[in-house]
Amino acid sequence: MATAGLFLAVVLVAGLCGYGIVSLLLPEEYRDEFALLLMPPVGYCFYSWVAFDVSGSFVLPGYDVTIIALAVVAFLGLASLVHRRPTMAMVRGLWPTLPVSLAATAIGLWPLFAVGATTFLGAVNPDYTATLVDLHYLETHPVQAAPPSRTQYTYSYFHNVMGGIGVAARFGCSYFVMMVRALLGLPHRTALTVCIGLFLFCMSPSVYFMARVAFGLRRRAALIAAALIMLLSPVTMSFVYSYVGQNSGLGVLPAVITLAYVAVRRPGFRTVLLATLMVNGLYVMYTAMVPYVLAPVGVVAVYLLLTRRLRWRAAVGMAAGFVAVSLVLNWGLLPFLGRAFKGWNRLVTQTLQGQYFIDFLTEQFLPLFLGLISYPTSASLYAPYLTDKGRLLLYFVTATVIVTMVAVFVRWARRQPDRPAAALALASATIYSIVWYTYTFRRPYGYALFKMCSWLQFVYVMPLAYALDEASGWGLARRGIRRWATRAVWPICVFVLFADAISTAHLSRLSLGHDTRRGMIVNLYEMSGNNDYLELADEVGRRVGPLRSVGMSFVDSIQNEWVGYYLRDLRTSLLGHYIIPADDENLPSIISRWVTDYYGNGNVDFNYYFHGATDDYYLTWSDRHLNRDIVERDLPPPMWENGTFRLQRAADCPGFIFTGRGWYRLEFRHTWDWWWPDRFRWTAEGGEIYMLRGKAGQPYRLSFYGIVGHGLRSESRTVELWMNTRKFDELTITAAARVVSKPFYPSGGADRLVIRVKERVQPQAATTAASTSWSRG
Numbered sequence: 021m022a023t024a025g026l027f028l029a030v031v032l033v034a035g036l037c038g039y040g041i042v043s044l045l046l047p048e049e050y051r052d053e054f055a056l057l058l059m060p061p062v063g064y065c066f067y068s069w070v071a072f073d074v075s076g077s078f079v080l081p082g083y084d085v086t087i088i089a090l091a092v093v094a095f096l097g098l099a100s101l102v103h104r105r106p107t108m109a110m111v112r113g114l115w116p117t118l119p120v121s122l123a124a125t126a127i128g129l130w131p132l133f134a135v136g137a138t139t140f141l142g143a144v145n146p147d148y149t150a151t152l153v154d155l156h157y158l159e160t161h162p163v164q165a166a167p168p169s170r171t172q173y174t175y176s177y178f179h180n181v182m183g184g185i186g187v188a189a190r191f192g193c194s195y196f197v198m199m200v201r202a203l204l205g206l207p208h209r210t211a212l213t214v215c216i217g218l219f220l221f222c223m224s225p226s227v228y229f230m231a232r233v234a235f236g237l238r239r240r241a242a243l244i245a246a247a248l249i250m251l252l253s254p255v256t257m258s259f260v261y262s263y264v265g266q267n268s269g270l271g272v273l274p275a276v277i278t279l280a281y282v283a284v285r286r287p288g289f290r291t292v293l294l295a296t297l298m299v300n301g302l303y304v305m306y307t308a309m310v311p312y313v314l315a316p317v318g319v320v321a322v323y324l325l326l327t328r329r330l331r332w333r334a335a336v337g338m339a340a341g342f343v344a345v346s347l348v349l350n351w352g353l354l355p356f357l358g359r360a361f362k363g364w365n366r367l368v369t370q371t372l373q374g375q376y377f378i379d380f381l382t383e384q385f386l387p388l389f390l391g392l393i394s395y396p397t398s399a400s401l402y403a404p405y406l407t408d409k410g411r412l413l414l415y416f417v418t419a420t421v422i423v424t425m426v427a428v429f430v431r432w433a434r435r436q437p438d439r440p441a442a443a444l445a446l447a448s449a450t451i452y453s454i455v456w457y458t459y460t461f462r463r464p465y466g467y468a469l470f471k472m473c474s475w476l477q478f479v480y481v482m483p484l485a486y487a488l489d490e491a492s493g494w495g496l497a498r499r500g501i502r503r504w505a506t507r508a509v510w511p512i513c514v515f516v517l518f519a520d521a522i523s524t525a526h527l528s529r530l531s532l533g534h535d536t537r538r539g540m541i542v543n544l545y546e547m548s549g550n551n552d553y554l555e556l557a558d559e560v561g562r563r564v565g566p567l568r569s570v571g572m573s574f575v576d577s578i579q580n581e582w583v584g585y586y587l588r589d590l591r592t593s594l595l596g597h598y599i600i601p602a603d604d605e606n607l608p609s610i611i612s613r614w615v616t617d618y619y620g621n622g623n624v625d626f627n628y629y630f631h632g633a634t635d636d637y638y639l640t641w642s643d644r645h646l647n648r649d650i651v652e653r654d655l656p657p658p659m660w661e662n663g664t665f666r667l668q669r670a671a672d673c674p675g676f677i678f679t680g681r682g683w684y685r686l687e688f689r690h691t692w693d694w695w696w697p698d699r700f701r702w703t704a705e706g707g708e709i710y711m712l713r714g715k716a717g718q719p720y721r722l723s724f725y726g727i728v729g730h731g732l733r734s735e736s737r738t739v740e741l742w743m744n745t746r747k748f749d750e751l752t753i754t755a756a757a758r759v760v761s762k763p764f765y766p767s768g769g770a771d772r773l774v775i776r777v778k779e780r781v782q783p784q785a786a787t788t789a790a791s792t793s794w795s796r797g
């Protein structure tokens, strides 16, 4: 209930931020039905742009910017009360759209309200952590401030990465989160999480506004669209991943497209100014979405010019006004915005074929986009049934749904008296399809397609809502096959609705972070609802003190970053896993430490935050917690322990071991094979094990289970065992074996053991002919 109250308070704050600009600039005919509904999405978008622009133009930190930006929106609100006072008709316009939107949000985002904004993290996405760290930085620095030197804070990962985020990943909505935190007195993490809920809630009124104004749907169909958008599986996927910039853009994207469309249809000072401000707001929140606004609306403008519904003089004046207002209002920020645009351009023009989001590069994109199955398909509820025949059935259903949606669009377009509305719909579908084709076949980029899957749900929901509203009566006046074909539309749409609901429910359940069988979308289990992290600063701080250092040893960089965040006021070291898992799984050269990263760039591996065997304490996982690594330790009783963590004196733990680079993510056994380890990691080239403060000169042996995986016809692998730069053993594992190595002799400081696999494996081929041909493009 506390999170629900916070959420409603944040909706109110966003609405107040948008009150002035909507009241002053929204055309009169839209005020009664849409003004109050549009205030939250327009409000947080406008506030984010004002604060971002003021910070960059006047080189001010976030604390100062908050006061100025609040003064701006307050002034506009007071001015609107003088010139255009609210009416009861505006209040009546909230019914029933606002209750429907709130109810759909409560259902679609139920994990947020069930767990609470204080601890909910969904998939535990590193992007969320990066924005959280940047939020701290922007409070005391202007938006374009340079980051600290990489070696300035080697005993604090948090302070060293503050400000180091790429300009393309610095989102304007951080300033809105900052303001919410200041007004409501919330912790940074709580404010950020509840604001993500607000951003996604705003999709509902935005879609309602688009359905009514841009596409002319009747009110019941628009209400269906407003409710469905919150229940579609790809939207839930964006919520589960806790994207900050993307979700802030999702909340306003349909509204910004519609406002730009209104400006083109009826150019005037107020309509053009409102559209310009919203496009600028979207630019600073999520630059990549701006072309998805300008391209289809630009096509509509050309259509209106060719049909003489828009005069050339008006079109030129509108374009000039858009450019002039954007330049004047962003003049002091232009260099930074230019760098951000270049950063985005570099990102979207490179070809990235990696192991992530490759489902979206195949024919699986279509059922994922339609919500018929959840991502990743290998972990969906239907995964056991996705044999060759099962996949063919899935693609047949997908094709049926696509044909149905196209038929619904054609029927709507034929009955649409407003031809520019049909032009907008056709332009949007065509342009977005071209972008999809480009990133699938011409320049394969799975990450872009993964994001588009969530961004473009407003395109999908319109024909779906229209059909659910009207198709139940179709075919009554027809005969023969056309009668049965049109009658089939409504049950097909109902089937889609239920399939999407199942996918959404599955993703929502996985976001709780407890399912290790199908929850691979979650990067770190048992984070949501875990209050153990919140007591780290107090419990560890009073036992360690400010002058001693704590070595953090956890399963991956994501957990290390979160622990480092809560211990940011202490001296800390990262003992292992200091980079994202996509790079951490690459094994460096044993001798030179040269390694190739995920993007194909070569560099020398070096952990700036690792200080050998000099730390005074070790903070590691508790044996009771799910996220325990594959190494087995014989540790003395801890100084302090809770359900997730244990604190040890380093002097009491000779031979302390932990995993390094070369390992894939931690996995769990779900079979009845008694000999298979309950926790394990796969490796391609081999993996590292570090030992700290081993007894110098004393013999140690390395013992582990080795199980041969896929990739080669042979069931045998040759394994080399190294300590630092010296090989001390070599053996062959066939199928599976328990290995006990020859003795090795540690130095007494920090020693690196490497289990190196000599054979090289290749990625597995696709399981069906269709997948193979599509993925080759």
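Heads up, the numbering used here is the position in the sequence shown plus 20, with the first residue counted as 1.
Even for Gly, the Cβ is constructed at its ideal location relative to N, Cα and C.
Can you check DSSP and say which residues form a bridge with residue i?
{"i": "Asp749", "result": "Leu741"}
{"i": "Val759", "result": "Phe724"}
{"i": "Val777", "result": "Val739"}
{"i": "Val570", "result": "Thr592 and Tyr637"}
{"i": "Asp771", "result": "Met711"}
{"i": "Thr679", "result": "Ile709"}
{"i": "Val615", "result": "Asn623"}
{"i": "Gln668", "result": "Tyr638"}
Based on Cα-Cα distance, which residue from the options lies nearest to residue i?
{"i": "Phe665", "options": "Arg689, Tyr637 and Arg685", "result": "Tyr637"}
{"i": "Pro658", "options": "Asp672, Arg648, Asn647 and Leu646", "result": "Asp672"}
{"i": "Ile451", "options": "Arg331, Leu314, Glu555 and Glu383", "result": "Leu314"}
{"i": "Met223", "options": "Leu129, Leu469 and Leu273", "result": "Leu273"}
{"i": "Val260", "options": "Pro131, Val781, Ala55 and Thr174", "result": "Pro131"}
{"i": "Gly707", "options": "Arg462, Ser593, Leu741 and Phe429", "result": "Leu741"}
{"i": "His730", "options": "Thr754, Thr160, Leu722 and Arg721", "result": "Thr754"}
{"i": "Ala124", "options": "Thr524, Tyr415 and Arg232", "result": "Thr524"}
{"i": "Ser121", "options": "Ala55, Leu251 and Thr174", "result": "Leu251"}
With a 10 Å radius around its C-beta and 16 neighbouring C-beta atoms as the bar for buried, classify residue i as buried or exposed.
{"i": "Thr407", "result": "exposed"}
{"i": "Lys778", "result": "exposed"}
{"i": "Trp510", "result": "buried"}
{"i": "Ser612", "result": "exposed"}
{"i": "Glu383", "result": "buried"}
{"i": "Phe289", "result": "exposed"}
{"i": "Ala134", "result": "exposed"}
{"i": "Gln718", "result": "exposed"}
{"i": "Thr418", "result": "buried"}
{"i": "Tyr83", "result": "exposed"}
{"i": "Glu53", "result": "buried"}
{"i": "Ser398", "result": "exposed"}
{"i": "Phe724", "result": "buried"}
Work out the CA separation of residue j and residue i for me, nearest whole Å.
{"i": "His547", "j": "Trp582", "result": "One detail in the question is off: residue 547 reads as Met in this sequence, not His. Cα to Cα, Met547 sits roughly 10 Å from Trp582."}
{"i": "Pro146", "j": "Met482", "result": "33 Å"}
{"i": "Phe191", "j": "His597", "result": "27 Å"}
{"i": "Leu279", "j": "Gly236", "result": "14 Å"}
{"i": "Asp617", "j": "Phe626", "result": "13 Å"}
{"i": "Met199", "j": "Ser43", "result": "22 Å"}
{"i": "Phe165", "j": "Gly183", "result": "Before going on, a small fix: residue 165 reads as Ala here, not Phe. Those two C-alpha atoms are separated by around 7 Å."}
{"i": "Thr117", "j": "Leu58", "result": "11 Å"}
{"i": "Asp643", "j": "Ile244", "result": "49 Å"}
{"i": "Pro763", "j": "Asp749", "result": "9 Å"}
{"i": "Trp696", "j": "Gly358", "result": "54 Å"}
{"i": "Tyr405", "j": "Thr160", "result": "53 Å"}
{"i": "Phe700", "j": "His526", "result": "25 Å"}
{"i": "Tyr312", "j": "Ala321", "result": "15 Å"}
{"i": "Gly341", "j": "Ala231", "result": "27 Å"}
{"i": "Arg333", "j": "Ala445", "result": "25 Å"}
At least one CB of chain D closer than 7 Å to the CB of residue i: is that the case?
{"i": "Asp771", "result": "The structure shown contains no chain D; it is built from a single protein chain."}
Uninterrupted alpha helix (DSSP H) stretches inside the region 115 to 153 (no shorter than 4 residues) = Segments of the alpha helix (DSSP H) lying fully in the region 115 to 153: 117 to 128 and 130 to 135.
Within the region 240 to 305, ranges of the alpha helix (DSSP H) (whole runs, at least 4 residues) | Listed in chain order, the complete alpha helix (DSSP H) runs (minimum 4 residues) inside the region 240 to 305 are 253 to 260, 265 to 285 and 289 to 305.
Within the region 150 to 220, note down every full alpha helix (DSSP H) run reaching 4 residues or more, in order along the chain.
-> 177 to 181 and 193 to 204
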